[in-house]
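The sequence shown runs -23 to -1, 1 to 700 under mature numbering (1 follows the signal peptide of the UniProt record, and there is no 0). Cβ atoms here follow ideal geometry from the backbone N, Cα and C, with glycine treated the same way. Working notes, beginning with the structure itself.
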Amino acid sequence: MGVSSFSLCLLAAAFFSCRPVEAEDKFDICKQRVERIRNGTEVFQTTYKGVALTIDNKTIEKYMHWGHVSGMNEEYERTSRQSFLTLKTEGCKIVCQDPTDWYWASDFSLTLGIVSNWILPIIALLAALPYDSDPSRTQEKDGTATRASRFIRAILGRPDGTRARWLARKSFARTVWALLNWLGSPQVAMTATLFNIYQIWRCSRAATTKETPPDRLKTDAYYVLCCIGQFEFPMGPSAEVRTADGFLETMVYGLLRPICDDEAPTIPHVPTEMELRRRVANTRAKEMTASLLQSIAFQMRTLRRQGVFASFASIFLFYIAFAVSVVLAFADIGERTTAHSLAFGMLISWFPLLLLFAILDRNPTSAGRSRDLITRWMWNVRAVRKWRAGGQFDVPPEWWSQDSKDVALEVSDFVGQGRQVGYNGIALAVLDSIAAATTPSASTATTPEATATALHTANAERERLALRHLDRIAKQTVYRVQNCRPPPAWWVSALISFVIVWAEIGAASMISIRIPTVGVGCRSLSYLVYGGLSTLPMLMQLALNWWSGTGKRLALRVWVRRLSDTLCMLAVGTLVFITFAAFSGVLKNCTCRGGFTGGYIDFENAAFYRDTRHFNVAQWWVAATVLGGFPAIVSLGFSIILLWMLRPLWKKLPDSEKPSETGGQTSWGHATAANVQGGPGDTRAISNLVNTVGAIVEQILLTNWRSPREERFVHKIDMCWLG
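What follows is the structure in structure tokens.
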């Protein structure tokens, strides 16, 4: 990103340095014209709306404004108002000929300064957003991704262009819609991100207790639960979800069976042969689900996006630009351009906060690959359940294969970091259901409200999680997901997001409104329009989750998303215009300088506004700076502390602790060269040889689209799956 920013700076400098002469400010020219007309040294002739006008020292008075000036010192207005030259907005259009004073025409260094101060940090933040990886580069027909497969296709001439183009278009569409949600409604995106951070924190607390040393399996279970919570819940017909082989039931069994205590016989007696076999099967099922859980947790941690230092660098770059803008604005108080630059920085100060929260709610490097792995893990967990319930313990479970497919177990799209409008609370539903099932006083509650009351009033310690609790946990999870409103934590996240975004918008509007001419103008109105458009999707989401029942919520969710997407597009268009206006000067005209409440313009300079005997703009700008800077500072400290607290949940196992690939139950994750060719299984040596040769041939036959850091990461993934 540093090279790109440097290149952009050079291009911008070369472009603006091509102008031979710096033109004079058009409003300074107009001020001189007004003074000459009033002195009687010039008679100005012009045409306005098709009518020829002659303006002299008598007719110009009807275009002058001698009324009240907002923000002016009362003593100065009473004694020296006549010396403060003001022109009506209509008079500006006639006498000044309604100019648009482009920054690059009058002072191209100003445009270059704004570009280097704000536009480049914004580009750095945009580049650091948690985009999805292109699945055409990480997925094939069989769902695998290795250098070996690409090498074999290149040698044998097996094109996958149609599939790759379709995946690329789908990935591009998801990226565009995610960007629209992030920029078009930061309140919605921030709400989803903060709530998921809360779910991760709850999972971390459940996994790492102070009373007992950390349990690796327990940590893996809650980490996988966090990962699944970033994908949209498959909201199909209720019967499909409530069946014994439903999505939530299988997920709960796969996560909690490895950490459940086995049931002890209630009545001591000599066990029969079948009972002995069932006990052995229970033990074996626990071992198999534990192995599956360790494997999926290892893969999820491997696929988790690393390298957050670049994102932190982009955030600190923005904060440096923010500090520079504050210094420039207060060093030259009253200068419209530096103040408007500060207001623009305030307006988008929620952007680094959104990226900061996204670091805590990190997405996988390949959402498609993670979705496939979770779906295969779900298949294998259900295979263990069927094997345990079937009674034929001599027959191995029906593990996942390339021909396996079940819509009921497929994971939906990745929606982490607010990529889509909606509520996703699977992780919290599971956690609350576990707490309710293992608390004796809450186990008899029939509603989530009664359960919550019992949990808060219970004095007895919770029971250890046992096999008999799983059915109740699964049923309560299904009920909470499908029939309950979002929990209080989601509403608190929405309130925090609303306050953060509107604090920045309010600070920007406050600065813009207090810039003479004082009042609502084009800039402040555009800030408020953006705030209104970005808030409407959030209000619709709040209403949908509060007033709509489950059936209506599912029916209305599609329409709410469509309307929200439309509003987000309008909001992004407004933000693009605001950004263009920040460095172009398109709003430096008579209408915008006069504002919608003032109706006049003035021609004074920064020194005049800086004098407290005339105006006192500093107090408003200080208040706006504090209002806009406080959320940024608090959020930065909060995120750094929370990032350190959540490290145990995210920590990847060292190489010596990788889950063993014993038995057939974890072969669902392998992607060997034999799988690609359709032949028998390959050996470790041949796989590594093909992988090594493929890396060399790929440099010759295929485009090198990855950076060195990405190449090292992909090599780790390939070696993991190839053994």
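Alpha carbon of residue i to alpha carbon of residue j, nearest angstrom
i	j	result
L513	V398	12 angstroms
L157	V165	11 angstroms
E264	A169	35 angstroms
W597	L305	16 angstroms
G509	V153	22 angstroms
I273	V458	24 angstroms
I555	V537	27 angstroms
W81	S503	22 angstroms
S511	L269	43 angstroms
V72	P493	20 angstroms
R15	I37	7 angstroms
F210	A548	28 angstroms
N566	L332	35 angstroms
A520	L160	22 angstroms
G393	S616	17 angstroms
Q74	A29	13 angstroms
T602	L319	9 angstroms
L294	S389	36 angstroms
T574	D542	33 angstroms
W178	D409	14 angstroms
Y296	I91	15 angstroms
V594	Y586	7 angstroms
Three-state secondary structure (DSSP) of residue i
i	result
D542	helix
A29	strand
K65	strand
G231	helix
P112	Caution applies to P112, whose pLDDT of 48 falls short of 50 and renders its modelled position unreliable; the value that the coordinates give is listed next. DSSP places P112 in helix when its eight states are reduced to three.
S503	helix
R462	coil
P341	strand
R281	strand
T18	coil
A443	strand
F149	helix
F208	strand
R686	Caution is warranted here: a pLDDT of 44 is assigned to R686, below 50, making its placement in the model unreliable, and no coordinate value can be reported.
D409	helix
D197	helix
D239	coil
F592	strand
T416	coil
T249	coil
G134	Because G134 sits at a pLDDT of 41, beneath the cut-off of 50, its placement in the model cannot be relied upon, and the following sentence gives the value as read from the coordinates. Coil.
T24	strand
E217	For E217, the predicted model reports a pLDDT of 42, less than 50, meaning its position is unreliable; a value from the coordinates is still stated below. E217 falls in the helix class under three-state DSSP.
Continuous beta strand (DSSP E) stretch holding residue i: start and end
i	result
D380	Looking at the DSSP string, D380 is not in any beta strand (DSSP E), and its letter there is neither H nor E.
Y577	577 to 579
N-terminal and C-terminal residue of the alpha helix (DSSP H) that residue i is part of
i	result
Y400	Run containing Y400: none; DSSP gives neither H nor E here.
P163	163 to 184
Q394	Premise fails: Q394 is in no alpha helix (DSSP H) and is neither H nor E.
Y53	51 to 57
F615	595 to 622
S93	From DSSP, S93 is part of no alpha helix (DSSP H); its letter is neither H nor E.
C567	567 to 571
Residue j beta carbon less than 8 angstroms from that of residue i
i	j	result
F21	I6	no
L540	P464	no
A184	L564	no
H446	T415	yes
W377	R346	no
C237	L442	yes
H317	S489	yes
L324	A485	yes
A413	P98	no
A155	L330	no
### Task
Check whether the stretch 482 to 502 touches the stretch 195 to 209, taking contact to mean three or more Cβ pairs, one atom from each stretch, closer than 8 angstroms.
no
#### Entry: Validate contact between the stretch 97 to 104 and the stretch 34 to 43 using beta carbons, cut 8 angstroms, 3 pairs
no
### Query
Does the stretch 576 to 586 come close enough to the stretch 473 to 485 to have 3 or more Cβ pairs within less than 8 angstroms?
no
### Message
With three or more beta-carbon pairs closer than 8 angstroms as the criterion, would you say the stretch 330 to 339 touches the stretch 348 to 362?
### Response
no
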